[in-house]
Amino acid sequence: MPPNAPLQIRAESPSHGISAMDGDAASSASCKEVVDACMAKYGRIDILVDNVGRVKPGGPAEMSEEVWDRQMHVNLKSVYLYCHLLLPTMERQERRGAWSIFLRLPGFDISATCKLYIR
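Numbers 16 to 134, taken from this note's numbering, label the letters of the sequence shown in order.
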């Protein structure tokens, strides 16, 4: 997310009750802070937009193991962490809410690999 995106989202939609937060989506502590802040403010979570993606061009033959591991960690762990934190909460709500996962990095092998795991 661009550094000013949360501020821009809030400025464009002040009367809609929309919150935008940023953090390290591969960190369980950071994800929990986002969930806790939303629950404290609204008492429920209706929509999560998981717009996480980290990519460096190339495939397994060109990139180092360290780069591959970090990309897989960020792109997949965020989905797990938010599922782990939010699914029980959303299932308890009368209106369960919606979830959007964006992982569109066309032309990059890591994107296709991550999409396979998420489906």
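Think of the CB as a built atom: it goes at the ideal place given N, C-alpha and C, for glycine as much as any other residue.
Residue burial classification, Y97 (beta-carbon count within 10 angstroms, cutoff 16): buried
For R85 and T104, the rounded distance between their alpha carbons: 29 angstroms
Same chain only: Cβ atoms within 7 angstroms of K92, ignoring 5 sequence neighbours per side: A41
Assigned exposure category for D65 - 16 Cβ within 10 Å defines buried: buried
Which listed residue (L63, A52, E77 and M36) has its alpha carbon closest to that of L102: L63
Residue environment, I33, which counts as buried when at least 16 other CB atoms sit within 10 Å: exposed
Helix, strand or coil at P103 [DSSP, three-state]: helix
N- and C-terminal bounds of the alpha helix (DSSP H) containing S43: S43 to Y57
Separation of Y95 from Y57, as counted between CA atoms: 23 angstroms
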